[in-house]
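**Q** Each residue of the sequence shown is one higher than the one before, counting from 1 in full-length UniProt numbering.
Cβ coordinates follow ideal geometry from the N, Cα and C atoms, glycine included.
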Amino acid sequence: MTRKQKRLSVIAGGLAFLGAATGLTFYALGQKASYFYMPADLTTASVQPGQRIRLGGLVEKGTIQRGQGATVAFSVTDTHKSVKVSYTGILPDLFREEQGVITEGTFGPDGVFVADSVLAKHDERYMPKEVADGLKAKGVWQESKSD
1 MTRKQKRLSV
11 IAGGLAFLGA
21 ATGLTFYALG
31 QKASYFYMPA
41 DLTTASVQPG
51 QRIRLGGLVE
61 KGTIQRGQGA
71 TVAFSVTDTH
81 KSVKVSYTGI
91 LPDLFREEQG
101 VITEGTFGPD
111 GVFVADSVLA
121 KHDERYMPKE
131 VADGLKAKGV
141 WQESKSD
């Protein structure tokens, strides 16, 4: 093997290694991807049982029910459709009715969304971007004018 052939084989091996590492990284990230849906979007979406998604909207008024221990049941709505959610854990301090929320989890066999994380707004002028965009598109929510 000549010096030029050795150099080309090292470069080709390095490029093959980088290509494999990049491919594996994208594959791993694709497996962890969770997609964002509003309740009305779920009627047309093909969400498989056990598939991780993000569900966002407003906490529906009058639906918060505290269960045993840290279990809480509530509904997320976009004012057109509503989805029942079950969550076990500590809710954010500012979690309340008619406020923006994003939950992440899977649908159970009974059709209830089982969340493993709940994100809520953190001050009076903030709503999660995905929720705000979805609600604005449906004409349900408008931004408040800042001072």
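1. Taking buried to mean at least 16 other C-beta atoms within 10 Å of its own C-beta, is G19 buried or exposed?
2. Let me know if G13 comes out buried or exposed under the rule of 16 or more other beta-carbons within 10 Å of its beta-carbon.
3. Report yes or no: do three or more beta-carbon pairs, one from the region 37-44 and one from the region 80-92, lie closer than 8 angstroms?
4. Which same chain residues, not among the five before or five after P109, have their C-beta less than 7 angstroms away from its C-beta?
5. How big is the Cα-Cα spacing for V85 and G23?
6. State the Cα-Cα distance for the pair V59 and V118, rounded to the nearest angstrom.
7. How is I64 classed by DSSP in three states: helix, strand or coil?
**A** Per the coordinate set shown:
1. exposed
2. exposed
3. yes
4. P49
5. 36 angstroms
6. 11 angstroms
7. coil
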